[in-house]
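Okay, structure first, notes after.
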Amino acid sequence: MKLLYTIILILSIGIIIPGCSPTPSEFIHIGAPVEGGVYFSEPITNEEKIEEVRDIFNDLKNIDKPDSPIKKADADIVIKLRTQGGAISEISEYVWYVEDGTSIIKGLNDNYKVIPKEKTDRLKALILATGIDLDSLVPRIDTDDSNSE
Numbered sequence: 009m010k011l012l013y014t015i016i017l018i019l020s021i022g023i024i025i026p027g028c029s030p031t032p033s034e035f036i037h038i039g040a041p042v043e044g045g046v047y048f049s050e051p052i053t054n055e056e057k058i059e060e061v062r063d064i065f066n067d068l069k070n071i072d073k074p075d076s077p078i079k080k081a082d083a084d085i086v087i088k089l090r091t092q093g094g095a096i097s098e099i100s101e102y103v104w105y106v107e108d109g110t111s112i113i114k115g116l117n118d119n120y121k122v123i124p125k126e127k128t129d130r131l132k133a134l135i136l137a138t139g140i141d142l143d144s145l146v147p148r149i150d151t152d153d154s155n156s157e
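What follows is the structure, encoded as structure tokens:
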């Protein structure tokens, strides 16, 4: 009888475990900031894109806090690189594109940095290559009351 229970247990584990999909150890979230929060994309687990994000955000120059207030909701994108199954954000930055082709970023600890034009272009290309439409991340509320009776 114990042998039968042991066989059933082993078979059950053999069926259950392959059905569980592991959480990726690293992934990127790209988000659309709005007043009061951020709407994020599905996780991007492509290793080449993860390394590209690391390279873009590596060795950036610190800058002073801008004179004019910058609201997080006015950022162009939010990008996060999460590790250890999503529990830790290695990179978590609000990004504002600047007219001269550079970007300003603000991290979790309220430090500001500048992304040079070359790296900004690479970041924009990376986001474009993912196929993510930032506008589609934000739910739209129809406020047109002209059809109401």
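So the sequence shown is numbered by this note's numbering: it starts at 9 and just counts up by one.
Think of the CB as a built atom: it goes at the ideal place given N, C-alpha and C, for glycine as much as any other residue.
Item, Value
"Distance between Phe-48 and Lys-132 (C-alpha atoms, nearest Å)", "16 Å"
"Whole-angstrom distance between Tyr-102 and Val-86, CA atom to CA atom", "5 Å"
"Glu-98 (DSSP reduced to helix, strand or coil)", "strand"
"For Val-46: DSSP bridge partner residues", "Pro-41"
"C-alpha gap between Ser-29 and Gly-45, whole angstroms", "Note on Ser-29: pLDDT 47, under 50, position unreliable in the model; no value is reported."
"Best match in Leu-89, Asp-118, Asp-108 and Glu-98 for proximity to Gly-39 [C-alpha to C-alpha]", "Leu-89"
"Lys-127 - containing alpha helix (DSSP H), residue span", "125 to 138"
"Span separating the alpha-carbon of Val-61 from that of Lys-10", "54 Å"
"Exposure label - Pro-77; buried when at least 16 CB within 10 Å", "exposed"
"Three-pair Cβ contact test at 8 Å for the region 116 to 131 versus the region 63 to 83", "yes"
"Opening and closing residue of the alpha helix (DSSP H) in which Ile-64 lies", "55 to 65"
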